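In structure tokens form, the structure reads like this:
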């Protein structure tokens with residue numbers, strides 16, 4: 001047997017030439033990868049542009065700009081947006097406090113209007129009121145949008161946004177009255193800047209309160225135009241954009257890394273006498289990865305749907321029509337929660353599916369995980385968001401039951417049916433009508449039964465807020481079921497529209513089926529509960545679901561190739577396009593700083609081994 | 001309103017005095033915390049000893065010693081164990097390779113016996129055969145147990161363990177023929193030493209093959225005594241000890257941190273007009289944390305059960321009786337997988353339940369998570385372990401069906417019943433008989449239906465290995481159901497034995513009920529599937545489950561206090577005994593190195609703000 005020559009393997013001679021185990025996966029693609037990439041980008045021209053442009057930093061700077069664009073008057077937009085665009089200032093967004101998160105009304109920072117000087121005086125009245133977490137604020141930002149309780153002549157008017165300068169534009173020193181710094185290390189591996197901010201008698205001119213929808217006149221008169229809920233609109237925008245910018249990208253990268261690795265890694269013999277099998281040929285590995293791949297596509301199309309809805313809502317708001325706000329808030333909240341939760345779990349599954357090597361930072365997976373995990377928390381904690389969606393659902397369910405009109409996404413709640421699933425064999429479960437209907441049934445059942453429990457409790461004398469609290473676990477289930485239904489329905493409708501792209505339509509149909517059946521398989525209780533789906537039908541679901549894994553497995557590599565990530569952006573020894581996994585791991589490991597001779601030997605190990613520890 | 005005086009708050013005057021919100025939780029404990037701590041430790045004397053002794057480092061050194069104790073001859077034990085005990089050497093355990101994990105037969109490292117010199121010659125024949133991951137090996141260990149394919153006169157005898165010296169005891173330099181180093185950064189935050197090892201014609205004397213159960217005689221004759229499976233016994237020991245040493249401790253710490261924080265953190269108003277509510281008073285927060293607390297107790301008792309079984313098995317093996325090995329292997333594999341998976345998910349839930357502050361490293365939760373996540377992968381990847389348990393289950397099911405005797409933990413498989421759950425109201429679901437029976441029913445159903453599918457496939461002409469692969473998703477479910485059943489049954493039996501400790505028995509009974517009902521509630525499909533549990537009964541389960549949350553919530557703080565962690569070992573700004581959360585967060589954050597003036601301003605921000613970037 002040949003001995004390993006270290007030197008030969010350190011020269012990186014094989015890097016770049018595609019591992020044959022990976023190359024063979026690409027030869028059998030059932031569709032054109034480049035065309036699928038173009039579909040995901042929204043056209044070949046968009047693909048070209050995306051490939052030409054690099055990443056843009058300062059996400060929070062964009063949030064700062066967005067909040068001014070949405071909440072600022074025309075005059076404020078004209079003043080601040082050009083400064084921000086030209087990076088003459090660095091913006092951030094200071095909403096969360098040390099003791100206060102999603103519950104905006106609980107924020108404690110104050111802004112008192114001083115008619116004498118025509119200024120607002122901002123203060124942090126106690127430690128729990130310190131701004132805490134705002135991105136880019138601890139070390140970088142020069143300006144920030146501070147959310148504070150507005151007081152005029154001693155009366156509180158609730159939360160309003162104020163532009164506050166916190167650092168000098170000349171030398172970056174903190175402005176008078178400002179204490180700010182970094183909140184310390186977090187779970188992500190990069191040292192992201194998240195800041196804290198204390199305000200002590202900080203004065204800003206009257207013009208710095210963002211005043212598209214409410215204004216303080218020089219004499220202290222308070223004027224509101226439109227809904228008070230408009231303050232939430234910035235967050236709606238942020239939630240939707242974070243889905244595509246941060247969350248989906250992370251899941252797609254994780255799928256790419258884990259899938260490519262799974263056709264290179266061989267473990268155990270599937271058939272006696274053959275060589276060890278690619279781990280993607282094991283049903284259990286397929287069952288880990290392929291549903292994540294399907295979810296990545298499903299939520300990509302959900303995001304398209306949300307984006308379109310948001311654009312429509314935005315146009316209406318420009319016309320001072322706020323009717324779409326509740327639906328938009330409910331959908332963006334619910335999907336922010338459902339998608340971040342699903343994708344975080346998905347990235348973790350991908351990481352674990354790569355075994356020990358997934359746990360190595362060199363795989364690129366741990367940093368994807370720690371980054372995406374944060375998305376479950378920031379811009380609204382998921383449970384609270386789901387309860388906001390649920391509140392909307394219950395309200396609409398009541399309205400629909402009373403024959404009143406409700407927004408388009410919830411009209412289905414009016415149609416309580418007591419039928420049974422009509423599927424007769426496992427192939428029937430590949431019909432979008434069958435499974436979409438099943439999802440709809442579950443969403444209606446969970447909403448209506450929870451509404452009934454709520455009513456019963458209230459009628460039995462339980463106080464409204466207590467009754468609500470006692471239903472929250474089930475309300476969360478209802479909100480998730482609603483979002484899951486919309487996602488399945490939207491995926492099915494998207495597939496239908498691909499009729500001119502036969503090859504792509506076929507594989508997208510498989511993914512849509514897998515997404516839907518995986519949801520039923522892994523949440524079977526919800527579908528079995530009232531007998532809508534029978535035990536025999538659930539066995540059909542299982543059979544169809546497992547069959548699909550074997551079908552999609554064949555296109556797994558082309559399906560992740562279509563996400564079109566460069567090796568540089570994946571930054572993974574396991575996931576590179578050429579599949580030279582072991583070589584790359586070894587080369588990258590050798591470069592690790594931990595391979596310098598450490599002082600630990602002289603200090604600890606040597607005395608231990610020489611039994612001289614006691615003499616120290 | 002009072003202004004925040006930074007200086008006052010930085011002096012830490014309040015640290016150490018217990019936050020009244022936390023103190024009030026301790027005044028109403030329904031049981032004696034100190035007595036419960038003693039129960040967990042196995043007696044008050046054990047508690048005293050535990051409190052007096054610090055942590056011991058070099059886990060892998062212990063594994064090295066354990067493998068020699070179990071696999072070494074008396075002579076080898078007499079030679080190596082004293083050296084290791086006195087730290088005259090530092091041991092590690094080199095099994096996993098770059099390209100090979102759990103599948104031991106696939107390891108590629110070779111050990112060729114040379115009769116001329118009475119030595120084994122060890123080699124790493126190719127890059128995928130490099131030892132990769134062994135703990136303490138990259139920078140610390142002087143010796144290691146290498147698992148390699150044994151060749152004598154050209155014939156392969158399979159995997160055997162060899163003691164190999166890798167570094168000089170004098171100056172710690174690598175021995176001739178050894179290339180070793182660190183595999184690079186991993187997901188944990190501490191820089192644990194995980195190493196790689198390349199062997200090139202490394203010679204060790206014949207006496208260095210661990211030979212309690214098989215030996216190579218001077219002439220090359222190979223002699224085996226006892227089962228070949230004995231090599232797996234070290235791993236069985238390691239798996240069981242890791243459950244208590246690493247996994248349960250992490251979950252218990254996470255529960256302590258999240259629970260204490262949840263009675264200090266207030267968010268939103270539960271009742272109009274009152275102050276903001278403690279977040280633990282929200283049903284959704286209880287539903288996140290309390291099932292994790294119940295699981296920590298449940299698995300603590302499972303661990304006692306496994307430990308006792310292991311001790312019995314070990315005594316038998318000393319007498320060269322290997323009969324208990326298969327059951328021990330199946331239970332330790334299955335529970336290693338189920339407990340690490342459950343506890344990892346639990347720690348993540350605790351982390352997320354603390355919102356943004358949980359994501360801060362200052363909470364202590366991220367490092368608990370990244371550490372426990374690794375436990376899902378090392379010492380056997382969980383899916384593979386579950387499939388080993390499943391193989392044992394199917395074998396025993398077949399044997400039991402044929403009337404043959406089977407080991408005690410699986411005798412229940414013989415008793416296929418087709419009854420229905422007899423519960424008539426929600427209180428019936430607080431009867432251990434009712435829920436234990438339900439778990440047993442599910443375990444039998446999943447095992448028997450998968451066995452039937454396997455048989456059907458084989459009878460329809462599918463090759464055995466293909467049929468097995470097509471059943472693996474369901475086999476994993478069966479293995480989990482088996483373990484879950486044993487855990488519930490064992491918890492219920494443990495509670496029953498606490499009759500002399502009334503206060504503790506009562507709260508443990510609540511936790512046992514919660515553990516069992518949470519499992520049914522969150523996996524309802526398995527219980528509804530064949531109608532064993534009806535929809536109406538499932539609603540009773542839900543009602544009882546939600547009721548229990550409110551009951552256990554009252555004792556939540558005393559229940560985590562009983563885990564008896566010092567503030568030092570928790571190392572958490574959120575979880576300290578005094579509950580001074582915000583104060584500690586602020587003080588710790590100020591000490592963060594990220595609060596030093598960074599060079600980033602001069603280098604990047606200043607040119608950007610002064611619009612001089614282009615001139616650079």
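Protein chains in written order, with full-length UniProt numbering: chain L, 1 to 616; chain V, 1 to 616.
Backbone N, C-alpha and C fix where the C-beta goes; we use that ideal spot for every residue, glycine too.
Just so we're clear, the structure is a prediction, and the values are computed from it rather than from any experiment.
Taking the beta carbon of residue 187 of chain L as reference, the chain V residues within 7 Å of it are 359, 361 and 366, listed in sequence order. Counting only the Cα atoms, residue 479 of chain L lies some 16 Å from residue 407 of chain L. Residues of chain L with a Cβ closer than 9 Å to the Cβ of residue 507 of chain V do not exist; the shortest Cβ-Cβ separation is about 22 Å. Around the beta carbon of residue 463 of chain L, fewer than 16 other beta carbons sit within 10 angstroms, so the residue counts as exposed. At least one CB of chain L lies nearer than 8 Å to the CB of residue 287 of chain V. Close to residue 376 of chain L, with beta-carbon spacing below 8 Å, are these residues of chain V in chain order: 352. Closest in C-alpha terms to residue 535 of chain V, from the list V/469, V/421 and V/568, comes V/421. Proximity of chain L to residue 232 of chain V at the Cβ level (cut-off 7 Å) is not reached, the minimal Cβ distance being about 15 Å.
Beta-carbon to beta-carbon, residue 123 of chain L and residue 110 of chain L are separated by about 5 Å, close enough to satisfy the 8 Å threshold. Secondary structure at residue 246 of chain V: helix, using DSSP grouped into helix, strand and coil.
Among the residues of the stretch 132 to 158 of chain L, those with a Cβ less than 9 Å away from any Cβ of chain V are 132, 133, 138, 139, 140 and 142, in the order of the chain. In the same chain as residue 249 of chain V, and ignoring 5 residues on each side of it, no C-beta atom comes closer than 7 Å to its own. When secondary structure is reduced to three states using DSSP, residue 65 of chain V falls in the helix class. Residue 385 of chain L counts as buried, since at least 16 other C-beta atoms from the protein chains shown sit within 10 angstroms of its C-beta. With at least 16 other beta carbons inside 10 angstroms of its own, residue 483 of chain L counts as buried. Using a Cβ distance threshold of 8 Å, residue 511 of chain V and residue 444 of chain V do not count as a contacting pair. Residue 381 of chain L has a beta carbon lying within less than 8 Å of a beta carbon in chain V. For residue 321 of chain L, the number of other beta carbons within 10 angstroms of its own is below 16, and it is reported as exposed.
Interface annotation, residue 88 of chain L: in contact with chain V, CB-CB separation under 8 Å. Within the model, the alpha-carbon separation for residue 203 of chain V versus residue 120 of chain V is close to 6 Å. According to the DSSP secondary-structure assignment, residue 222 of chain L is paired through a beta bridge with L/216.
Taking a C-beta distance under 8 Å as the contact criterion, residue 256 of chain V and residue 70 of chain V do not qualify as a contact pair. Annotation for residue 214 of chain V: 224 place their beta carbon closer than 6 Å to its own, counting only its chain and skipping 5 residues before and after.
Here the stretch 277 to 296 of chain V lies against the stretch 455 to 475 of chain L, with 3 or more beta-carbon pairs under 8 Å apart. At least one C-beta of chain L is nearer than 8 Å to the C-beta of residue 99 of chain V. At a Cβ-Cβ threshold of 8 Å, residue 172 of chain V and residue 605 of chain L count as neighbours. If one requires a minimum length of 3 residues, the beta strand (DSSP E) runs lying completely within the stretch 116 to 160 of chain V are 119 to 123, 131 to 135 and 143 to 152, in chain order. For residue 283 of chain L, the chain V residues whose C-beta falls within less than 9 Å of its own C-beta are 469, 470, 471, 472 and 473, listed in chain order. In chain order, 535 make up the part of chain V whose C-beta sits under 8 Å from the C-beta of residue 530 of chain L. In this structure residue 340 of chain L is buried. Its beta-carbon is surrounded by 16 or more other beta-carbon atoms within 10 angstroms. For residue 95 of chain V, not one C-beta of chain L is nearer than 8 Å to its own C-beta. In its chain, beyond the 5 residues on either side, 81, 84 and 91 have a beta carbon closer than 7 Å to the beta carbon of residue 65 of chain V. Below the 8 Å Cβ cutoff, chain V contributes 589, 592, 594 and 595 as neighbours of residue 182 of chain L, in chain order.
Distances from the alpha-carbon of residue 302 of chain L to those of L/316, L/332 and L/273 put L/332 closest. Counting along the chain, residue 410 of chain L sits inside no beta strand (DSSP E), nor does DSSP assign it H or E at all.
Contact with chain L is absent for residue 36 of chain V, since none of that chain's Cβ atoms lies less than 8 Å from the residue's Cβ.
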